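Note sheet for the following structure.
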Amino acid sequence: MTDALHRIGSGFKYALLVAYLAAVVLPMLWVVYTSAKSTQEIYQNPFGLPKVITAPNRQSAQTLAKNYNKAWIGSHFSRYFLNSLKVVGISLALILLFGSMAAYVLARFEFFGRGFISTLFLSGLLIPMQLILIPLFFQYSDMSEWLTKAFSPVTQSLHLGRAVFSLHDTHAGLILIYVAASLPFTVFVLTAFFRTLPNEVREAAMLDGASEYRIFFSVMMPLGKPGLVTVAIFNFLGLWNEYLFGLVFLNSDELKTLPLGLASISMQAQYKSDFGLLFAGLVIAMLPTLLVYIFLQERLTRGITVGALKG
Amino acid sequence: MRRRDQKLFIATFLGPPLALYAVFVLIPAFNAFRYSLLRWDGLGKPTWIGLANFQKILARGSDFLPALYHNAFLTVVPGSIILVLALFFAYVIHQRIKGARLFRIAFFFPNIISSVAIALLWILIYSPGGAGLLNNLLKSWFHRTQPIAFAESSHLLWALVPMIVWSATGFYLVLFLAAMENIPESFYEAARLDGASSAGLFRHITLPLMWDVLTTGIIFLIIGGLKFFDAIWVMENGRPSPNTHTMSTLMYSKVFEEYNIGYGTAIAVLLFLLVLLATLISRRLLTRERLEY
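Going line by line, the protein sequences match chains A and B. Position 237 (the first sequence) corresponds to 237 in the working numbering; numbering is contiguous. Converting from the second sequence to the working numbering requires adding 1000 to each position, the first position being numbered 1.
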């Protein structure tokens, strides 16, 4: 009796798990295979497989190609993609460099003001980005003006004319805030990590006459690789998906990152019924994160308690 | 000499990151409090008006209070569903069932898709215009010919509930699963010898021993709900209605569309204070719980 009840209970649990699995996976599969259909095909046969699969021929393959071509070239997804790669790539490199520099010093050296500086970085974990957004917007105007003025003697003497420096609507402006805003999380995680590294290695290197700089770059950084990788993954995901700062600081279409480009095609009325394009754009936007996930999911889910702080 | 070298090393390593952080995070954060006390259109001369912005925000009939209510809705309604689902799934997967790894990997995936992509995915699911998944399902199952505008502004908040649950449950599942795996098996064995039921094990061992992770999870849900922006912005085409404004979207509209910088920043300051309050309360709860052990 209890055995039968138990079996019903576990069958019920399985049914719920499988139902939720379907709810998670099916919409994504639907997006992927619908991206191979023309808008007309979607209207006529919303759930059927695309003709590329049921009747693979030149014409049905063209529908698939047309959707992706429209998204990748026509709607500038190639450009958005490259912009995202550039902005996130440069930001990540700087975050890892500056973050590990600060974390290493805070973790391994005794000096006046260490506690205060640690707390200062830590307090950044409590600051929602919304708080700094507006003042930063006006600060960027002031800084751009100041930079232009400060550099005008230099540019004039080099006969470059009147060069204008701007942090608004430039990748540099976005990268600077991405790097600065990622430092609290990065420094926090890496400080804990650098504390766990053995001191003997550093002492041995010192006896060999290596300078502190050399020790950091050729001994400590390589040893810190696991920590750096964890931090890099979470910062990558956070920045690759970032929307609000991009929305405020980038206006020109040719500078937009992937989330901004995707948002603008989903918000523009002219595309509202071009479903082939919308589905293809969505697949292009989801693909890189899917790849990262497939390769790094074990590390990601293991580091979850760390990554949770990033939000 | 050696000591001076070391001091120089510390300064060169700490200087650049600290300067970046101070200029682009700390100074604007500090300025936010100053801005919230001004009346300013962003161009002319700002006027100091003390706490008038906050008075206006908290006055009866202001546009802030409905926005705050929407944030509370988007925290509590999807949040409680997420907690129940994530706890249940974590508990079931923890029992080493077949396919545990597959479930964990698949459930977590939506968590890493960008919020804009998730918004577009759900726009397509809800779409009343021919391609919409739900309307097509209704049509083929119930022969309903009149499409329903699920994501209409007047009930968009309800439409966001499944989307948020869909995208976030996997994260909390993995978080709770990690906590459950940290509980020593011997605790369960001892209780089982005393004749405890599996419901009893869950209530008296699993839940109390993962209490701090559960509290942390709730805080993440609250903070996420307080900051909610992306999906509403995209689904409302950048023009949220009074039915859908959250604190963040209202802040954006006030500053960049109505040029009311002081008022917008005052909203950001209140948002920050709420995040701070949530964190402090959770700290309190956590330390008090620890003392009991």
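In this text, a Cβ means the ideal position worked out from N, Cα and C, and glycines have one as well. Predicted, not measured: the structure shown is a model, and the values here were computed from it.
Where residue i and residue j are concerned, what is the direct C-alpha to C-alpha distance, given to the nearest angstrom?
i       : j       : result
E145/A  : P259/A  : 29 angstroms
P50/A   : V25/A   : 18 angstroms
K1139/B : H1155/B : 21 angstroms
L1134/B : T1145/B : 12 angstroms
L1058/B : N1237/B : 27 angstroms
G261/A  : E1181/B : 41 angstroms
Y293/A  : L207/A  : 43 angstroms
A1268/B : L94/A   : 28 angstroms
R79/A   : L255/A  : 8 angstroms
A102/A  : N83/A   : 28 angstroms
R1192/B : V31/A   : 47 angstroms
G11/A   : H1143/B : 32 angstroms
L1271/B : L247/A  : 19 angstroms
T1244/B : F1088/B : 31 angstroms
A1178/B : G1224/B : 21 angstroms
V229/A  : G303/A  : 11 angstroms
D142/A  : F112/A  : 33 angstroms
E298/A  : I1097/B : 19 angstroms
R7/A    : M1210/B : 27 angstroms
T301/A  : T1216/B : 16 angstroms
L48/A   : F275/A  : The amino acid occupying residue 48/A in the given sequence is Gly; Leu does not appear at that position. So the two alpha carbons sit approximately 15 angstroms from each other.
A55/A   : T39/A   : 17 angstroms
P1110/B : S1167/B : 5 angstroms
A1022/B : N1053/B : 27 angstroms
For residue i, does the count of other Cβ atoms within 10 angstroms reach 16, so buried, or fall short, so exposed?
i       : result
Q44/A   : exposed
R1003/B : exposed
L316/A  : Since the first and last residues shown for chain A are 1 and 311, residue 316/A lies out of range.
V87/A   : buried
G1099/B : exposed
L1274/B : buried
A1151/B : buried
Y1091/B : buried
K225/A  : exposed
T1246/B : buried
S1127/B : buried
K1007/B : exposed
V154/A  : exposed
W1122/B : buried
S1248/B : buried
Checking 8 angstroms against the spacing of the C-beta atoms, do residue i and residue j come in under that value?
i       : j       : result
A285/A  : A1131/B : no
I127/A  : I1261/B : no
V1161/B : P1078/B : yes
N241/A  : S1115/B : yes
N67/A   : A280/A  : yes
A1119/B : A1231/B : yes
T1169/B : I1219/B : no
I1093/B : T289/A  : no
L64/A   : L1124/B : no
V219/A  : A205/A  : yes
Y1172/B : I1281/B : no
L1175/B : V1234/B : no
I90/A   : P1028/B : no
F1024/B : A180/A  : yes
I1205/B : T1075/B : no
D169/A  : F245/A  : no
L239/A  : Y178/A  : yes
Check residue i in the structure and name its three-state DSSP category.
i       : result
W1040/B : coil
E1292/B : Residue confidence is low: E1292/B scores 43 on pLDDT, short of 50, so the model does not pin down where it sits. Its coordinate-derived value is still stated next. Correct three-state label for E1292/B: helix.
G311/A  : Because the pLDDT at G311/A is just 47, under 50, the model does not fix this residue reliably, and the value given afterwards should be weighed accordingly. Note: G311/A maps to coil in three-state DSSP.
T1244/B : coil
T1145/B : coil
T1216/B : helix
T170/A  : coil
T257/A  : coil
I1267/B : helix
If you measure from the CB of residue i, is any heavy atom of the ligand ATP nearer than 7 angstroms?
i       : result
G1217/B : As presented, the structure is devoid of all ligands, the ligand ATP included, so that no description of it is given.
Using 8 angstroms as the threshold, is the region 191 to 198 of chain A in touch with the region 106 to 116 of chain A, meaning 3 or more CB pairs across them? yes
Would you call the region 145 to 154 of chain A in contact with the region 1039 to 1051 of chain B, where contact means no fewer than 3 C-beta pairs closer than 8 angstroms? no
Flag this pair as touching only if the region 89 to 105 of chain A and the region 1244 to 1263 of chain B have three or more C-beta atom pairs under 8 angstroms; answer yes or no. no
Which of the residues in the region 1232 to 1248 of chain B, read from start to end, lie with their CB under 7 angstroms from any CB of chain E? Absence of chain E from the displayed structure is noted, the protein chains being A and B.
Mind the definition here: the region 151 to 160 of chain A touches the region 73 to 92 of chain A only if three or more C-beta pairs lie below 8 angstroms; say whether that holds. no
Tell me whether the region 168 to 188 of chain A and the region 112 to 127 of chain A touch, counting them as touching only if at least three CB pairs, one residue from each stretch, are closer than 8 angstroms. yes
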